[in-house]
Amino acid sequence: MTEVGPAAGYAALRVRVRALCADFPDAYWRDLDARRAYPEEFVAAMTRSGLLAALIPAAYGGEGMSLAEASVVLEEVNRSGGNVGPAHAQMYVMGTILHHASEEQRRRWLPPLARGDLRLQAFAVTEPEAGVDTTRIATFARRDGDEYVISGRKIYISRVLQSDLMLLLARTAPRADEARRTDGMSVFLVDLRETRGAIEVRPLRMMMNNHVNELRMHDLRVPAENLIGPEGGGFRCIVDSWNAERILIAAECVGDARWFVERAARYASGREVFDRKLGANQSIQFPIAAAYAQTEAADLMRFRAAALYDAGQPSRAEANMAKLLAANASWAAANACVDALGGNGFNAEHDVERKFRETRLYQVAPISNNLVLAYLGHRVLGMPRSY
Ligand SMILES: Cc1cc2nc3c(=O)[nH]c(=O)nc-3n(C[C@H](O)[C@H](O)[C@H](O)COP(=O)(O)OP(=O)(O)OC[C@H]3O[C@@H](n4cnc5c(N)ncnc54)[C@H](O)[C@@H]3O)c2cc1C
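Going by our numbering, the first residue of the sequence shown is number 16, and it counts up by one from there.
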C-alpha cells in the first residue's frame, strides 16, 4: 500500500520506531499475553532510545517532540503488532505537567523521567461510584500543614506497580452546585516509593494484558509541593492531559487498524477456498476496503487535532472526534480481519485474537464513544444535555 498524505510524513521517525520494534516481534507480545507479563524489555528499549521521553522538552533532557510526532511513535508500535499501552501514560500526562507544573516542579521531575531513572506511568482518575461522571469523585485531599492527607478509592488504574510516580485527581472541596461541579478538584504527583503502606493495591485481571488495579488510600500523606496547578483548579489541568490522551489513543487505533487491514488483505490474497482466492469474494474484500477508508479518514482528523494541540489552540472537539473515528476504524478493521482469517482469527498463534482484544478497549476507555458523542451533541451542536 502506497502511503500518501499525513501517513507518509515523519518518515525518518517511522523508520526509527520500526527499527526498535523489529526486536519485539509477534512472538514476544504473544508470550507476554499468555503470561500476563509486563513488557519490561520493550519499555527499557523505549527508554534507552529516548522515545519514552518524546514529549519532554530538550531543556529537561527529553526529545522535545510535538504531539503529532509522539503520536507517530505510538502508532508505529501498534502497527508493528505490538501494544504500546503499557508504556503510553508518560506521554498522556505531559499535557498536565508541561502546562500546569511550576518551573521548580518541572526541574525536579522531568530530567529523571527523561533519563529513565523514574517512571510516571500511572494516572488515577476513575472511581467505582463516580464512573464516567468525574465530578462525582469522592477521593478527598485534606490540607494538614505542609502536606495533604488523601483518602479514597480508585478503580482500573493502570501500571501502579510498574511506576514510581502517579498523577492523581482528588477533591479538595466538596462538589458544589451543578454550575460549578468541576471546581474543587486538585491534581497531585504522588511518589509511589514513599507511600509507606498508605495505598492498598489490588491487581485486577482484565480481558487483555493490561496491568490494572483497584487502589484504596488511607491517610496517604503527600507533600503540598506535589500539588500540580492551583488547588481546586485540577479539572482544567486534567483536561489538557485528556486532549493529548485522546489524540495519542487515536494514533494507537490507527496503528492497530493498519495492522489488521494489512494482515487481512495479505491473508485474503493468499488463501484459496473453493478454488479461488478468498479476497476475490466481495463479502471478504469490501469490509477490509471499508475499514481501510475509515482508517485513512480517522488519520486525517488525528493529525488535524494534533496540529491544533501543538499550536496551542482549542482541540477538544477534534481530539474527541479523532478518538471516536479511529477507535471505530480499528474495531471495523479488527472484525474484518477475524472474518477473513476464519478459524485462524481465533487462534492465538496468528496474533489477531490478541490484537482484537486489545483494540476493543478503545470503544470504552479512556473515554467511551458514548461520552464523545454526548460531548459533540451537547457542546458542539448545542443539543439538550442527556446527563
Ligand atoms: C483496561 C483499562 C485500563 C484503564 N486504565 C485507567 C487508568 O489508568 N486510569 C483511570 O483513571 N481509569 C482507567 N480506566 C477506567 C476507564 O477510563 C473507565 O472504565 C471508562 O472511562 C468507563 O468508566 P466506568 O467503567 O466507570 O463506566 P460507567 O460510568 O459505569 O459507565 C458504564 C458504561 O455506560 C456508559 N455511560 C455512562 N453514562 C452514560 C450516558 N449518560 N450516556 C451514554 N452512555 C453512558 C459509559 O460510557 C460506559 O460504557 C481503565 C479501564 C480499563 C478497562
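All residues carry an ideal CB built from backbone N, CA and C; glycine is no exception.
Item, Value
"Beta-carbon proximity list for Glu246, same chain, < 6 Å, skipping 5 on both sides", "Thr187 and Ser201"
"Span of the beta strand (DSSP E) around Pro238", "Val227 to Pro238"
"Among Phe250, Ile172 and Ala194, nearest to Glu215 - alpha-carbon criterion", "Ile172"
"Segments assigned alpha helix (DSSP H), at least 4 residues, entirely inside the stretch 89 to 170", "104 to 107, 109 to 115 and 118 to 130"
"Counted within 10 angstroms of its Cβ, other Cβ atoms place His115 as buried (16 or more) or exposed", "buried"
"Met181 (DSSP reduced to helix, strand or coil)", "strand"
"Three-state secondary structure (DSSP) of Gly248", "strand"
"Residue interval of the alpha helix (DSSP H) (run including Arg319)", "Gln297 to Asp325"
"Cβ pair count under 8 Å reaching 3, the stretch 286 to 304 against the stretch 219 to 237", "no"
"Assigned exposure category for Pro54 - 16 Cβ within 10 Å defines buried", "buried"
"Cβ neighbour criterion (16 or more within 10 Å) applied to Met316", "buried"
"Sub-7 Å separation of Glu78 and Ala68 beta-carbons", "yes"
"Contact belief for Leu207 with Asp179 at Cβ below 8 Å, rounded distance in angstroms", "6 Å"
"Buried or exposed (CB count within 10 angstroms, at least 16 for buried), Leu47", "buried"
"Contacts around Ala279, its chain only, beta-carbon distance under 6 Å, and the 5 residues preceding and following it disregarded", "Ile303, Ala351, Cys352 and Ala355"
"Endpoints, alpha helix (DSSP H) assigned at Leu356", "Arg331 to Leu356"
"Any non-hydrogen atom of ligand 1 closer than 6 Å to Phe318 Cβ", "no"
"Beta-carbon spacing of Asp234, Ser166 below 7 Å", "yes"
"Of the listed residues Asp159, Ala145 and Pro189, nearest to Arg168 (C-alpha basis)", "Ala145"
"Nearest residue (CA-CA) to Gly294, options Gly160, Val276 and Asn93", "Val276"
"Contact test: Val140 Cβ vs ligand 1 heavy atom, cutoff 6 Å", "yes"
"Secondary structure of Arg174, DSSP reduced to three states", "coil"
"Alpha-carbon spacing of Glu142 relative to Phe155, whole angstroms", "12 Å"
"Pick from Ser64, Ser95, Thr62 and Ile71 that is closest to Phe39, judged by C-alpha positions", "Ser95"
"Proximal residues to Ala363 (C-beta, below 6 Å), its chain only, five neighbours per side dropped", "none"
"Segment limits, beta strand (DSSP E) that includes Val379", "Premise fails: Val379 is in no beta strand (DSSP E) and is neither H nor E."
"Straight-line Cα distance separating Val140 from Thr149", "7 Å"
"Assigned secondary structure, Arg372 (DSSP; H/G/I helix, E/B strand, else coil)", "helix"
"Enclosing beta strand (DSSP E) for Phe417 [first to last residue]", "Here the chain comprises residues numbered 16 to 402, so residue 417 is not present and cannot be evaluated."
"Cβ-Cβ distance between Ala259 and Gly160 below 7 Å", "no"
"Arg51, DSSP secondary structure in three states", "coil"
"N- and C-terminal bounds of the beta strand (DSSP E) containing Val216", "Ile214 to Leu219"
"Straight-line Cα distance separating Leu340 from Trp346", "10 Å"
"Cβ-Cβ distance between Val99 and Val108 below 7 Å", "no"
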